[in-house]
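Taking it in order: structure first as structure tokens, then the write-up.
Protein chains: 2
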Amino acid sequence: MVNVAILGFGVVGSGVAEVLATNGEHIDHKVEDLIRLKYILDVKDFPDSPFADKVIHDFSIIENDPEVNIVVETIGGARVAREFTERALKAGKSVVTSNKELVAEHGYDLLKLAEEHGVSYLFEASVGGGIPIIRPLNQCLAANEITEICGILNGTTNYILTRMIRAGLSFAAALKEAQENGYAEQDPTADIEGHDACRKICILASLAFGRHVYPDQVPTQGITGVTLADVAYAESCGKKIKLLGRAIHRPDGRVCAFVAPHLVDLEDPLSGVEDVFNAITVRGNAIGDVMFYGRGAGKLPTASAVVADVIDAAKHMKTKKYLGWGPGGAEVAVPPAGVESVWYVRANAASDQVRAAFPGAVFLARPGAPEGECAFLTGTALTRGMLDQALCGLDCVCVFRVLD
Amino acid sequence: MVNVAILGFGVVGSGVAEVLATNGEHIDHKVEDLIRLKYILDVKDFPDSPFADKVIHDFSIIENDPEVNIVVETIGGARVAREFTERALKAGKSVVTSNKELVAEHGYDLLKLAEEHGVSYLFEASVGGGIPIIRPLNQCLAANEITEICGILNGTTNYILTRMIRAGLSFAAALKEAQENGYAEQDPTADIEGHDACRKICILASLAFGRHVYPDQVPTQGITGVTLADVAYAESCGKKIKLLGRAIHRPDGRVCAFVAPHLVDLEDPLSGVEDVFNAITVRGNAIGDVMFYGRGAGKLPTASAVVADVIDAAKHMKTKKYLGWGPGGAEVAVPPAGVESVWYVRANAASDQVRAAFPGAVFLARPGAPEGECAFLTGTALTRGMLDQALCGLDCVCVFRVLD
């Protein structure tokens, strides 16, 4: 018998209870043991829930119950969740989480703590919702030196961009629609400013490259600056605007990670990832590019990733399973200024001016462009510094990288 | 120290040696042990290879060397490969293979033999080349009841179809080009008749649904009957023709697996899978659809999947890792006759005739269609039996299912 406690009975936590109940027989068969949900910790009661009799309010009951083997942390945030995670690990319980903020901020410490106490800390659900990515990155691609990870990591922003591209909605209208459909929160900052994608690329970079990459080392630009003019210019050259999280392993061993809107060619499979779907491309030196695609959020998909970790932890009750990476530090990460790209530029400028500054510029057109607006792709790949130098003197409105 | 022997120094076998050498440091770090390539078994010598000193010709040297822990079988076929696999497993060595034919035909017996001898039999590389699919299906999606698997499982046929669609080449011309580019064998039968895809869907179905599904239980139709006329009609209704391997888990527990060309909507991510790429969509009751995408063949991608299994086997030297499924049998699989689809039909018939037989028919058009040719989609989903009944009396040239 393996006993599970869920911390936080919100969307994901209640999904975990539901998946454990619905697929219980199948799951017990997989584990070759019985998995039982023993406690649900929440500040609230849920008298109408079928799991009402499991709800408790005092974490120390879980902490002190030697029967509890696995703690599922679906509280979110980095404060209470961190305290309970540390206490659970110290009490010799494996912890499974969907909490990207906590893993991105404190993953190194928590993984070390888990190893010190001979238990597992697993976080498949923290990136890509239900999409299997953490385990494949760690195991299936183990034979490869990973050179780059690039993904559409946030469903909310991808939904907004999809609606701007397909339905011609403005950013504000698309955001409002996303909120009405439950795809965006009332305070959408973490999504639209790119913080959520930033946390996820930190986790992927840490796992793939072996040192903790912290969110404050990852320059992050959201989608609030994307306009329908940019969407139209992108379309005119066979591209779509997508918010990408990227992490590049440099030859010197350092990591360059960043989050920013990019123009993605229609030939690239990432361009076909629409609505709330996520996709993550991993480039390895042997395998080339592989892509993982699916629902990046949602109750049951995320819960299914949590439960897969619960199954894994349950199967490794005796021989523990350690994921992990080395400590972070200022030397681990470098800013993306040195990464060369072709750039998309929209400026208030005459084409002669642009041609003088960018001899290879490819000019773009859109219906209804106002007088004096000029959009183009730099003909050659440039670092940000080279771009800024060439832009000097031009009234530049916005620039985005073009994905290779 | 973990010692590895490679059986068969062809494309994949030499790729395995190359990946072990190139990424050796990284791999040893992953395993926390030293992985050493000790033997390469082949009938030929390779005097110019950097691995020439490891080449031997007598399998019993490997079989009787207690230092050899892991045998990599990249011989292919189901005869010699089967004998050596059985002997290696019986000698207490874990076996890693890329041999889809052997796993599809004898997987149940070999997995049982491995378990009896306390060793692993791993086959990530047998499906989807380098794409991680076996392990995610077994582990990451473990919380789900899998309801359907649907994939573009053969790179050769996908290349041919892509060239027909994009460049307007006939089937014969596209096949010739594929052969010239090394994407198709001189005898392309196994690919173009769907046998290769059939073996792969057998392996996926067996793993996902828990009973061995044999190739002779899987009705298989290749792409030799696909013409440019069909490509054009498909395009006219926003679809592409793709060769799909499908396995459906029926509510009664039985499996319906088949391989056939399908019309796939442009909105479906499978439609964007071009050239020699493969993609596999897995539908789970919690996760919804997830897709795995990458190079389905090729020396280094396939070798990288083999080496990932070698790493896994090396990490599980003491606590063995068992994959497996139950025995097959006539009761396990049912033919796809009962699966309802909308169908694409091309016939020599008048539209009145068609309208009488299929009241909801959606007629398709293409430039240059000869007099009397009539192509349409059945308006409603029909079983094959219902379709055949309605087609009775029409001079039908070809029918393909439309993917939901």
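Going down the list, the sequences are from chains A and B. All the letters of the first sequence, read from the start, carry residue numbers 1 to 404 under UniProt numbering. All the letters of the second sequence, read from the start, carry residue numbers 1 to 404 under UniProt numbering. Every residue, glycine too, gets a C-beta built ideally from N, C-alpha and C.
Arg-82 (chain B) is classed as buried because its beta carbon has at least 16 other beta carbons within 10 Å across all chains shown.
The C-alpha of Tyr-233 (chain B) lies about 36 angstroms from the C-alpha of Glu-145 (chain B). Straight across, the Cα-Cα distance linking Asn-138 (chain B) with Asn-154 (chain A) is about 26 angstroms.
Within chain B, no C-beta atom comes less than 7 angstroms from the C-beta of Pro-50 (chain A); the nearest is roughly 17 angstroms away. When only Cα atoms are considered, Ala-375 (chain B) and Glu-177 (chain B) end up about 29 angstroms apart. Secondary structure note for Leu-20 (chain A): its alpha helix (DSSP H) is the uninterrupted segment 11-22.
The beta carbon of Ser-351 (chain B) sits closer than 7 angstroms to those of Phe-363, Cys-374, all from its chain and outside the five residues before and after it, given in chain order. Counted as a single uninterrupted DSSP element, the stretch harbouring His-117 (chain B) is not any beta strand (DSSP E), since DSSP gives it neither H nor E. Taking a contact as a CB-CB distance under 8 angstroms, the pair Glu-86 (chain B) and Leu-113 (chain B) counts as one, their CB atoms being some 6 angstroms apart. Considering only beta carbons, the part of the segment 126-160 of chain B lying closer than 8 angstroms to chain A consists of Gly-130, Ile-131, Pro-132, Arg-135, Pro-136, Gln-139, Cys-140, Leu-141, Ala-142, Ala-143, Asn-144, Glu-145, in chain order. Judged by pairs of C-beta atoms under 8 angstroms, the segment 383-403 of chain B touches the segment 260-274 of chain B, as three or more such pairs exist.
Taking Arg-199 (chain A) as the centre and dropping the five residues before and after it, the same chain places the C-beta of Lys-100, Glu-101, Ala-104, Pro-215 closer than 7 angstroms to its C-beta, in chain order. A residue is called buried when at least 16 other Cβ atoms come within 10 angstroms of its Cβ; Ala-197 (chain A) meets this threshold and is buried. If you check the CB distance, Asn-181 (chain B) and Phe-277 (chain B) do not come in under 8 angstroms. At a cut-off of 8 angstroms between beta carbons, Ile-287 (chain B) contacts chain A. Residues of chain B with a Cβ closer than 7 angstroms to the Cβ of Gly-272 (chain A) are, in chain order, Pro-269, Gly-272.
Counting of Cβ neighbours within 10 angstroms places Ala-17 (chain B) among the buried residues, the total reaching 16 or more.
From the beta-carbon of Met-164 (chain B), no residue of chain A is found nearer than 9 angstroms; the closest lies around 18 angstroms away. When rounded, the separation of the alpha-carbon atoms in Gly-15 (chain A) and Glu-148 (chain B) is 22 angstroms. Boundaries of the beta strand (DSSP E) harbouring Asp-395 (chain A): 395-402, taken from the DSSP string. If you draw a straight line from the Cα of Trp-343 (chain B) to the Cα of Arg-295 (chain B), it is about 30 angstroms long. Here Glu-63 (chain B) has Arg-87, Ala-88, Ala-91 as same chain residues with Cβ atoms under 7 angstroms from its own Cβ, once five neighbours each way along the sequence are excluded. Close to chain B, meaning a Cβ-Cβ distance shorter than 8 angstroms, is no residue of the segment 98-123 of chain A at all. For Ile-311 (chain B), the neighbours in chain A by C-beta distance under 7 angstroms run, in chain order, Ala-142, Ala-143. Counting only residues of its own chain and dropping the five nearest sequence neighbours on each side, Ala-337 (chain A) has a CB closer than 7 angstroms to the CB of Thr-383, Arg-384, Gly-385.
For Val-259 (chain B) against Ala-333 (chain B), the beta-carbon gap comes to about 13 angstroms, at or over 8 angstroms, which does not count as contact.
In this structure, the beta-carbon distance from Ser-304 (chain B) to Leu-228 (chain B) does not fall below 8 angstroms. Closest in C-alpha terms to Leu-204 (chain B), from the list B:Asn-348, B:Gly-379, B:Val-127, comes B:Val-127.
Put simply, the backbone Cα of Ile-311 (chain A) is about 13 angstroms away from that of Pro-136 (chain B). Arg-295 (chain A) has a beta carbon lying within less than 8 angstroms of a beta carbon in chain B.
Bounds of any alpha helix (DSSP H) do not take in Tyr-214 (chain A), whose DSSP letter is neither H nor E.
Counting only runs of at least 3 residues, the segment 144-213 of chain A fully encloses the following beta strand (DSSP E) elements, listed from N- to C-terminal order: 146-152. The continuous beta strand (DSSP E) containing Asp-265 (chain A) extends over residues 255-265.
Taking 3 residues as the minimum length, the beta strand (DSSP E) runs contained wholly in the segment 77-105 of chain A are 94-97, in order along the chain. Those residues of the segment 11-33 of chain A placed with their C-beta closer than 7 angstroms to a C-beta in chain B are Val-19, Asn-23, His-26, Ile-27, Lys-30, ordered along the chain.
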